[in-house]
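Visitor: After the structure tokens below, expect a handful of questions from me.
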Amino acid sequence: MPSLPAPSETASSQPAPSAQPEISQPEIGQPASAAHWPEWWLAIPAALVAVGIGVFALLRRRRAPATAWEEAGLEPEAEPEDELVDDAADATLTAEAVAALDPVPAVSPIPRVQPPRNPDHERNPGRQPAPQPVPTPAPSGPGVIAVHFEPVSLRLSLVYATLQYRLTLSAPEAGISQPWSVLGDMISAHASLSQAEQLAPDPSSLPLRHSLDGLAPGETRAFKGELQLPLNAIRVMRQGQASLFVPLVRLCLADGQGHLERRVFTLGVPGEGSGLAPIRLDTGPRDHAELAVREIEAARTIGHGPNSPIAA
């Protein structure tokens, strides 16, 4: 039997191909390519840094004034809202101080005086009544002085009512040679006081305001002065919710022989016509530059007997 030829070594010696794919190894000399980031991402950290710098600067600016006051050893000024609160508190305290004054009874109206009846006129209605004689002034004591009082201004503070005034004294035709003293004060008119208590004070209770050695015939002397009345000494008049004040200025001119000239003036703000309006106390501190004055002429003769040395 013939023998088969042996297989070739070259064909059998070649290795069989592998089932797994071959992985190519990168060359050692070439670096791997890095991942690529978008360029706009760089704006995010820059924006965060800018915001942080702005917040720091703002906090530093707000803290700088307080630090400067502390370093100087001073207290920072109050904000405008605090000032408004303080003003409101002051107004409240002022209203409470006025409301805390002692209440007073209501002012009673002055009764009307009925004219005297004339029996002859009632029996004869067509007959004209005889004219009433005009009362003549009471005789004056020696050296009567003409007095002119002029209020300049009235200031109402939280403590006092302060009146600035001018006083003019004119000598009679014969003049006066003896020295005279001017005494006076200011009170509040009120129905709780009697007429004598308001219009005829004891001269010894009035403080000295001015003095003069004498006046030549027809001479005029002018004085300036100030009268004060504590607010807690004012007898307040009530009219609804309003607190009213009627000042009374009481003056006495006295010589060394017991002769007196008494003058009493009531003050107020100009009202309708020739009337006076009382001064309000519930409007807070203020100055009254426009004042009106009226003399109460009945005060000249209140409590004087026919033989009194006090001049009318």
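If you use full-length UniProt numbering, the sequence shown corresponds to residues 1 to 312, in order.
Glycine included, C-beta positions come from ideal geometry on N, C-alpha and C.
Could you check whether residue 172 and residue 144 sit closer than 8 Å to each other, using their CB atoms as the reference points?
Guide: yes
Visitor: What residue from 275, 299 and 283 has the CA that sits closest to residue 293's CA?
Guide: 275
Visitor: What are the partner residues of residue 185, as DSSP defines its beta bridges?
Guide: 250
Visitor: Quick one: residues in its chain with C-beta nearer than 6 Å to the C-beta of residue 249, no 5 flanking neighbours on either side, listed in chain order?
Guide: The residues are 186 and 265.
Visitor: Could you tell me which residues DSSP puts in a beta bridge with residue 209?
Guide: The secondary-structure analysis by DSSP pairs residue 209 with nothing; it has no beta-bridge partner.
Visitor: Using CA atoms only, rank isn't needed, just tell me which of 289, 298, 295 and 281 is closest to residue 159.
Guide: 281
Visitor: Taking only three categories from DSSP, how would you classify residue 198?
Guide: In the three-state DSSP reduction, residue 198 falls in the helix class (H, G or I).
Visitor: With DSSP run on the structure shown, which of helix, strand or coil describes residue 301?
Guide: coil
Visitor: Roughly how many angstroms lie between the CA atoms of residue 183 and residue 218, to the nearest whole one?
Guide: 22 Å
Visitor: Can you tell me where the beta strand (DSSP E) holding residue 173 begins and where it ends?
Guide: Where residue 173 is concerned, there is no enclosing beta strand (DSSP E), given that its DSSP letter is neither H nor E.
Visitor: Based on DSSP bridge pairs, tell me the residues matched to residue 164.
Guide: 153 and 226
Visitor: Could you give the distance in angstroms between the alpha-carbon of residue 279 and the alpha-carbon of residue 245?
Guide: Taking the straight line joining both Cα atoms gives about 5 Å.
Visitor: Please report the distance separating the alpha-carbon of residue 298 from that of residue 181.
Guide: 22 Å
Visitor: Within a Cβ cutoff of 8 Å, which residues of the same chain sit near residue 34, ignoring the five residues on either side of it in sequence?
Guide: With a pLDDT of only 49 at residue 34, under 50, the local geometry of the prediction cannot be trusted, and no value is derived from it.
Visitor: Taking the continuous beta strand (DSSP E) assigned at residue 287, which residues delimit it?
Guide: 286 to 288
Visitor: Quick one: is residue 156 buried, meaning 16 or more other Cβ sit within 10 Å of its Cβ, or exposed?
Guide: Answer is buried; the Cβ neighbour count reaches 16.
Visitor: Taking C-alpha atoms, which residue in 152, 175, 289 and 174 lies nearest to residue 164?
Guide: 152
Visitor: Please classify residue 52 as buried or exposed, where buried requires at least 16 neighbouring CB atoms within 10 angstroms.
Guide: Result: exposed.
Visitor: By the DSSP assignment, the beta strand (DSSP E) with residue 272 in it spans what residues?
Guide: No beta strand (DSSP E) contains residue 272, which DSSP labels as neither H nor E.
Visitor: Start and end of the beta strand (DSSP E) containing residue 204?
Guide: Careful: residue 204 lies outside any beta strand (DSSP E) and carries neither H nor E.
Visitor: Can you tell me where the beta strand (DSSP E) with residue 239 in it begins and where it stops?
Guide: 237 to 239 is the extent of the beta strand (DSSP E) around residue 239.
Visitor: Does the Cβ of residue 262 have 16 or more other Cβ atoms within 10 Å, making it buried, or fewer, making it exposed?
Guide: buried
Visitor: Is DSSP giving residue 47 helix, strand or coil here?
Guide: helix
Visitor: Report yes if the CB atom of residue 209 is closer than 8 Å to the CB atom of residue 225, and no otherwise.
Guide: yes
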